[in-house]
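Numbering (my numbering), first residue to last: 276 to 1036.
Written out as structure tokens, the structure is:
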């Protein structure tokens, strides 16, 4: 939490002004102190804000301060505005409902955190003689209406350009009709400087086609399912209205809005009569298609553009191979991450949900940490997780921030004591960051959270020593489950939960040892051993069969190392491969098994089966959505049915990253790059070629430099070229069993060969 000296108060307008008020403070620089040497604005809000000084935005961020667990952490942002202040200066702020006061979750509820919007900000101006002039939010500020007549993240934004007040954030503006402000209750101890990056505009996508639907509606296809909004310049008759509806897919040639459920995802623009520029920055949508009504004149591909919006993240990992369908799958995974990493890791960006589901990121974190630098982004989210958990007596909620605690609980989902895999995010996500970046800070910060969760689940074990009681999401969205019963998986929930706890206890023990908490390390090692013994006693038959005998239970048992011997592991691998073949390489796993099945096959000598599973195009499979034109990863394997209709299930999203966790195997298995020590100070290079892919190129920016692996099959001969950063050691493993140790530089290997000796390039 911040230690800054605050003079500011949280202020709210005396009138609500349709949920989008403008706030304004005009002042003069104090004289006699020399030139201004530095000016810093620190700001936050109940709701979302955009700040301007003398009409100029103070930063590139949008939707700040984002969504945190407001009850305990309200983040503020700092801006260097030295170049913007003048002898007379106006500090202006635009407010919106955002997550604080807008709709959240699928119950139609709003005002979950409070009923009044507010702004808290302080501008500190330093002069040459050391004097500091502070201009802080207080009741001397004024409030007025903006051009926004309505705003909501789910429903969209309504902008009436006739209401725009030109120059309102510049000196000399007449505020005669404006209202006053009042203070609202606020504890400055909740203020926190953000660990993660801001949400920004990250790109622009132009339309690929404008066409007319069968019903005569004008539709715009951007060619990519994305997250953001439209912007455009237009001139038309004053009072004329343009309406834009957004959706991810078409159904029967019309906008497919049913998956949005109650989210309207509609922006409305009312023209002023002059030239208007519209950009609805108080909302965001997940969409590929837009339905435009009321456009004056001819709408063309040059008329408007889509602005892509998400947290500002650096791209670190790449993957490409000879199979273009797999390349598109990988691009879909990247776009799914981009759309759902908007201030926090959400499940989906389009319908009446957009929540920080813990289960999704628990399995996707390793993939995310390869593709982008998500260290600060996820560390910030983990601070909210720990705050929610501490307030709930150690219970890790299924969403963070936990908006659902304010909402009615659906009868089919009784509030769990803890939920396997979902609650495991408290342990698995910090561990993924440790492995990716080699920084103990995240483990230190989250240690109490990690141990608290593990101890809590220990207390939930039945007399058998298994985690087999209470509601579990289990292998959620098993493709064989009824569309309206996504929890009804083949995998026994007790098996899934118990093996997850084994992994969690093992990670917690290793974390304790790394942080030199020896007593804790021994305690959690013993817990893991007890859980393993109970699992083997109750769930593993004498012939090695695991209860429920389905792909997910074998994949998890192999991936999490709960099997006690090579014989058990070999049987599990053979049985897993047999089940995969019997299902004709169609996917048979849900949220729990999918991230681990290809790796489990490869690790037990069944890489060809892993390749066939990856490359299958029939439904359900990873490539089926690609063949159906998907540009992001779907929530369900069959979110769209082969006949082009949308899955009838209540939960049908076309932008969910969880099932894209297979990219972790693309990077490590096919690509061949994985850390031997956290942070890649030592690297394992072990690409596993297979049928259907002739070459692959994978790269990663590590904390020690860039790693790159290229391999190619040519007439049965494998050539690998590996680039290793200076000062880093890499263990290279060839498919034939040869092993080499190399250091910085580029090295080439061939296999099979009489002597596969690396040669420097």
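By construction, the Cβ of each residue, glycine as well, lies at the ideal position given by its N, Cα and C atoms. From a predicted model like this one, the values you see are computed outputs, not experimental measurements.
Pull up the DSSP beta-bridge partners for residue i, would you.
i	result
residue 323	371
residue 647	590
residue 560	503
residue 545	435 and 516
residue 945	Per DSSP, none; premise fails for residue 945.
residue 494	486 and 566
residue 742	For residue 742, which the question treats as bridged, DSSP gives no partner whatsoever.
residue 452	Partner(s): none; residue 452 has no beta bridge.
residue 596	971
residue 353	317
Thinking just about the alpha-carbon of each residue, which of the options is nearest to the one in residue i?
i	options	result
residue 511	436, 975, 873 and 810	436
residue 772	809, 794 and 754	809
residue 239	596, 826 and 330	Outside the shown range of the chain, which is 276 to 1036, sits residue 239, and nothing can be said about it.
residue 341	590, 760, 487 and 321	321
residue 755	349, 863 and 591	863
residue 728	791, 708, 757 and 663	663
residue 428	496, 814 and 617	617
residue 711	763, 396 and 952	952
residue 986	354, 765 and 1010	1010
residue 871	642, 909 and 395	642
residue 941	886, 989 and 921	886
residue 432	802, 553 and 464	553
residue 571	678, 588 and 517	517
residue 337	558, 471 and 535	558
residue 817	835, 800, 839 and 804	839
Please check the pair residue i and residue j, which I expect to be a contact at CB under 8 Å, by giving their CB distance rounded to whole angstroms.
i	j	result
residue 607	residue 906	6 Å
residue 562	residue 654	Not confirmed; about 30 Å, so no contact.
residue 294	residue 386	With a Cβ gap of about 11 Å, residue 294 and residue 386 do not count as contacting.
residue 539	residue 401	In fact, because the Cβ distance is near 47 Å, the residues do not count as touching under 8 Å.
residue 384	residue 376	Going by Cβ atoms, the distance from residue 384 to residue 376 rounds to 11 Å, so no, they are not a contact pair.
residue 678	residue 467	Not confirmed; about 19 Å, so no contact.
residue 480	residue 576	No, residue 480 and residue 576 are not in contact; Cβ-Cβ is about 11 Å, not under 8 Å.
residue 638	residue 659	In fact, because the Cβ distance is near 19 Å, the residues do not count as touching under 8 Å.
Measure the C-alpha to C-alpha separation of residue i and residue j and round it to an integer number of angstroms.
i	j	result
residue 895	residue 944	22 Å
residue 746	residue 783	24 Å
residue 770	residue 806	11 Å
residue 929	residue 888	21 Å
residue 280	residue 403	21 Å
residue 498	residue 482	7 Å
residue 998	residue 935	27 Å
residue 1037	residue 759	Because the chain in this structure spans residues 276 to 1036, residue 1037 falls outside the shown range and cannot be described.
residue 456	residue 724	40 Å
residue 899	residue 913	8 Å
residue 697	residue 630	13 Å
residue 1021	residue 796	40 Å
residue 925	residue 767	24 Å
residue 365	residue 454	17 Å
residue 1017	residue 644	25 Å
residue 1034	residue 347	Caution applies to residue 1034, whose pLDDT of 37 falls short of 50 and renders its modelled position unreliable; the model cannot decide the point.
residue 981	residue 975	6 Å
residue 514	residue 355	39 Å
residue 300	residue 734	55 Å
residue 665	residue 344	12 Å
residue 744	residue 289	52 Å
residue 1036	residue 983	Because the pLDDT at residue 1036 is just 39, under 50, the model does not fix this residue reliably, and the value given afterwards should be weighed accordingly. Their Cα atoms are separated by approximately 14 Å.
residue 1031	residue 995	Because the pLDDT at residue 1031 is just 34, under 50, the model does not fix this residue reliably, and the value given afterwards should be weighed accordingly. Their backbone Cα atoms lie some 11 Å apart in a straight line.
residue 957	residue 706	17 Å
residue 1023	residue 947	14 Å
residue 800	residue 704	20 Å
residue 391	residue 615	27 Å
Hey, residue i and residue j: beta-carbon distance below 9 Å or not?
i	j	result
residue 878	residue 833	yes
residue 590	residue 647	yes
residue 543	residue 582	no
residue 474	residue 585	yes
residue 1006	residue 890	no
residue 458	residue 413	yes
residue 671	residue 633	yes
residue 722	residue 779	no
residue 741	residue 813	yes
residue 329	residue 422	no
residue 619	residue 565	no
Residue i: beta carbon under 8 Å from a heavy atom of the ligand HEM?
i	result
residue 328	In the structure shown, the ligand HEM is absent, as is every other ligand, since no ligand is present at all.
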